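Just so you know, we're using the working numbering here: the sequence shown kicks off at 1076 and counts up by one. Just so you know, even glycine gets a beta-carbon here, dropped at the ideal spot from N, CA and C. It should be emphasised that the depicted structure is a prediction, and the values quoted were computed from it without experimental measurement. Shown next, in structure tokens, is the structure this report addresses.
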Amino acid sequence: MSLCRPAAFASGSLRRGPLRRPANDYARRCKPIHNRGPEPQHTAAPVLRAAVARNTSDTARSTARRHHEPWEFHCGGWYNGRVSASRIWLLLVCAVAATVVAVRPAAAAPELAETTVLDVYSPAMDRVVSNRVIPAAHAGAPTLYLLTGAGGGQDGISWWDDTDVREFFADKNVNVVMPIGGAFTLYTDWIADDPIAGRNKWQTYLTGELPAAVDARFATSGRNAIAGVSMSAGSAIDLAIQGGDRYSAVASYSGCPWTSDAAGVAMAGAVVLRGGGNPANMWGVPGGEVWRAHDPYLHAERLRGKTVYLSAASGVPGVIDRNGLPSPVVEAIASSCTAAFAAHLSRQGMTPIHVDRSAGSHTWGQFQTDLHDSWPHLARAIGA
């Protein structure tokens, strides 16, 4: 499948486009973006389009330094002496890198469900990974794997810490498994060890090692769903594809489920860079073969027969945010990505559940609402 028309914003929609590779020896300089306070109370997409227009008019250049790594990612794009991504993605990189961890709401949910911690050794990563589990009351229940945002739950910001999962799932016939770890990794198998991020084989862990341990410990039905938010939203879609029959349902909350064009490379790269890792150690040459292999947009056909729930919001803060600090630009980007992906699935004859909220600005209040709304669809798919 070929990539679509050149990337651009049109009428508030984000379009996929190829990773452009002009033959020159220059890189655009990344200028700092200053925090000017809260966004005005209106849809964020026009603000984003205006900012993109300003950035694309800037033609200042500086000679790119060469480094030991064959590929370097700077704020303006990828460079190896002959490649630079358009600065139209500068705002995407800086906005995502600055706000990849959503702010928690004011109040914590009460602990009602029985909970446990399951430590699982991963041979692929040669380390023990802890997983918070809300076990079903009886054996033979299905399992929901619930991935958190960019910090991997290691920062105290997660479904467990910031939503009512323990209350909500207390009476549900499902095992809920929430891995702790994987910060800024996109929950994928990296092709090389990274000096900062270490060894990451999260696809192997989440599609094989962890489910095997959970099934054995809790005598599950073997039927599974997976859901992700923000950083892990697109990752959940990719894992549902890569895992074959492992997951029969998937939910993506406020993410961007594509990776290999200029927009995808910029946003995925920004997340990895935020954690100090090198995106080239994740999937190699940006926009190359491995990036394409993990692009849900290019492999959407492999979602056929699965329940797919996609949600995002306009970026306009509202009651749904529960006083969380809004990130309107990030949510507006996620909304455009999500709408485009939902339309792509529909064109291929699939019927995703797509929720496009008029209010919501990338907060845990919004994500909790999305989880509640998606649960009936996921439950039907896995027999919960």
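Let me know the secondary structure DSSP gives residue i once reduced to three states.
i	result
residue 1433	coil
residue 1260	coil
residue 1184	Only weak support is given to the placement of residue 1184: the predicted model assigns it a pLDDT of 43, under 50, and the question is left unresolved by the model.
residue 1453	helix
residue 1280	helix
residue 1356	helix
residue 1351	coil
residue 1339	helix
residue 1271	coil
residue 1303	strand
residue 1324	strand
residue 1203	strand
residue 1194	strand
residue 1446	helix
residue 1233	coil
residue 1296	coil
residue 1221	strand
residue 1427	coil
residue 1395	helix
residue 1361	coil
residue 1310	helix
residue 1179	Below a pLDDT of 50, predicted positions are generally treated as unreliable, and residue 1179, at 46, falls in that range; the measurement from the model is reported next regardless. Coil.
residue 1254	strand
residue 1410	helix
residue 1208	strand
residue 1387	strand
Using the Cα positions of residue i and residue j, report the straight-line distance between them to the nearest angstrom.
i	j	result
residue 1433	residue 1201	44 Å
residue 1314	residue 1409	19 Å
residue 1288	residue 1297	11 Å
residue 1350	residue 1250	30 Å
residue 1196	residue 1391	42 Å
residue 1333	residue 1369	8 Å
residue 1319	residue 1280	14 Å
residue 1403	residue 1389	8 Å
residue 1411	residue 1189	38 Å
residue 1415	residue 1385	11 Å
residue 1451	residue 1270	42 Å
residue 1345	residue 1428	28 Å
residue 1361	residue 1233	29 Å
residue 1449	residue 1326	7 Å
residue 1394	residue 1252	29 Å
residue 1317	residue 1285	15 Å
residue 1305	residue 1259	11 Å
residue 1198	residue 1290	18 Å
residue 1436	residue 1406	6 Å
residue 1343	residue 1413	15 Å
residue 1212	residue 1248	7 Å
residue 1423	residue 1377	11 Å
residue 1358	residue 1338	16 Å
residue 1274	residue 1294	30 Å
residue 1227	residue 1307	9 Å
residue 1336	residue 1363	9 Å
residue 1401	residue 1373	31 Å
Measure how close the beta-carbons of residue i and residue j come, nearest whole angstrom, since I'm counting them as under 8 Å.
i	j	result
residue 1323	residue 1276	Actually they are not in contact, since the Cβ atoms of residue 1323 and residue 1276 sit about 23 Å apart, beyond 8 Å.
residue 1460	residue 1311	Beyond the ends of the chain as shown, which are 1076 and 1459, falls residue 1460; an answer cannot be given.
residue 1191	residue 1208	5 Å
residue 1431	residue 1387	7 Å
residue 1206	residue 1193	5 Å
residue 1217	residue 1459	5 Å
residue 1383	residue 1420	7 Å
residue 1425	residue 1397	Contact flag wrong, Cβ pair sits at about 33 Å.
residue 1354	residue 1309	14 Å between Cβ atoms; not a contact.
residue 1456	residue 1300	6 Å
residue 1203	residue 1254	Not confirmed; about 12 Å, so no contact.
Which one of the options has the shortest CA to CA distance from residue i?
i	options	result
residue 1214	1292, 1233, 1272	1292
residue 1272	1279, 1339, 1256, 1342	1256
residue 1225	1268, 1341, 1330	1330
residue 1356	1265, 1294, 1308	1265
residue 1454	1373, 1244, 1377, 1285	1244
residue 1328	1198, 1204, 1446	1446
residue 1321	1335, 1278, 1352	1278
residue 1340	1247, 1309, 1406, 1366	1366
residue 1268	1401, 1352, 1422	1352
residue 1399	1438, 1407, 1371	1438
residue 1282	1262, 1248, 1227	1262
Taking only beta-carbon atoms, is residue i less than 8 Å away from chain D?
i	result
residue 1251	You won't find chain D in this structure, because it holds only one protein chain.
Next item on the list: Mind the definition here: the stretch 1435 to 1449 touches the stretch 1228 to 1248 only if three or more C-beta pairs lie below 8 Å; say whether that holds.
Entry: yes
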